[in-house]
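Residue numbers (this note's numbering): 8 to 223. Heads up, the beta-carbon is just placed ideally off N, CA and C, and yes, glycines get one too. On a predicted model such as this, the values are computed, not experimentally measured, just so you know.
So this is what it looks like as structure tokens:
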């Protein structure tokens, strides 16, 4: 009996030493950035005037580059959108085909070139048109046709990276409605983009959706 107890006690000691060694050897993993934790764009239903008024305080300190969502007064063609953010580094584009009284999709595409991003948005819309039925399919098909045109005025925002001086310069340009900057240490994975649409003049409410999509 004493021998069995000694063996059992020895097993317990070994288990405790193993647990101590494992705990001392491996540090807990450091949490990474939380995806979508930094919102760029108005809150749902937020008054437009309130949103625009709070943006200057979010700009980074001088010399500190930051990501910022540049939102346009009207939908822009790809070249016009890039010209409007000259002096910063464009990262991604937000496309939306404007159709009167029809809710169309926001399409987020990383930038290699603006034409390549537009083509990817067109392909995504075409895939949706093939997969859906009825009115949603007709809307997606209309989006695909519009986005296939290199002259489509359908860029509502660009995500850029720039320092305080560059972002201040963008905010003063005629085509630019809002420059919403993330904290200087924010990473792209943390950003949730929800641009203010040109048609949203009073509040960031959903646009009307009681119209007909354009015919083929």
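Restricting attention to alpha helix (DSSP H) runs no shorter than 4 residues, the segment 36-120 encloses them at 55-61, 85-91, ordered along the chain. Scanning its chain for C-beta atoms nearer than 7 Å, with the 5 sequence neighbours on each side dropped, one finds no residue around residue 138. The C-alpha of residue 188 lies about 17 Å from the C-alpha of residue 42.
Contact check for residue 108 and residue 216: beta-carbon distance about 7 Å, within the 8 Å limit, so the pair qualifies. CA-to-CA, the gap between residue 193 and residue 58 works out to about 20 Å.
Across the structure, residue 210 and residue 178 are spaced so that their CA atoms are roughly 20 Å apart.
For residue 141, there is no enclosing beta strand (DSSP E); the enclosing alpha helix (DSSP H) covers residues 141-154.
Residue range 183-188 is occupied by the beta strand (DSSP E) that includes residue 187. Residue 199 carries a strand assignment under DSSP once its states are collapsed to helix, strand and coil. In the DSSP assignment, residue 168 is bridged to 74, 96.
The three-state reading of DSSP puts residue 133 in helix, counting H, G and I together. Under DSSP, residue 162 takes part in a beta bridge, and its partners are 83, 102. Note on geometry: alpha-carbon atoms of residue 213 and residue 113 lie some 12 Å from one another. Beta-bridge pairing by DSSP links residue 124 to no other residue.
CA-to-CA, the gap between residue 65 and residue 223 works out to about 44 Å. Here residue 50 is exposed: its Cβ has fewer than 16 other Cβ atoms, across all protein chains shown, within 10 Å.
Taking all protein chains shown into account, residue 48 has 16 or more neighbouring C-beta atoms within 10 Å of its C-beta and is therefore buried.
The straight-line gap separating the alpha-carbon atoms of residue 168 and residue 155 is approximately 27 Å.
The Cβ neighbour count for residue 140, taken over all protein chains shown within 10 Å, is under 16; the residue is labelled exposed.
Linking residue 181 to residue 116 through their CA atoms gives a straight-line distance of about 24 Å. By the criterion of a C-beta distance shorter than 6 Å, residue 159 is surrounded in its chain by 153, once the five residues flanking it on both sides are discounted. In this structure, the CA atom of residue 44 is about 19 Å from the CA atom of residue 72.
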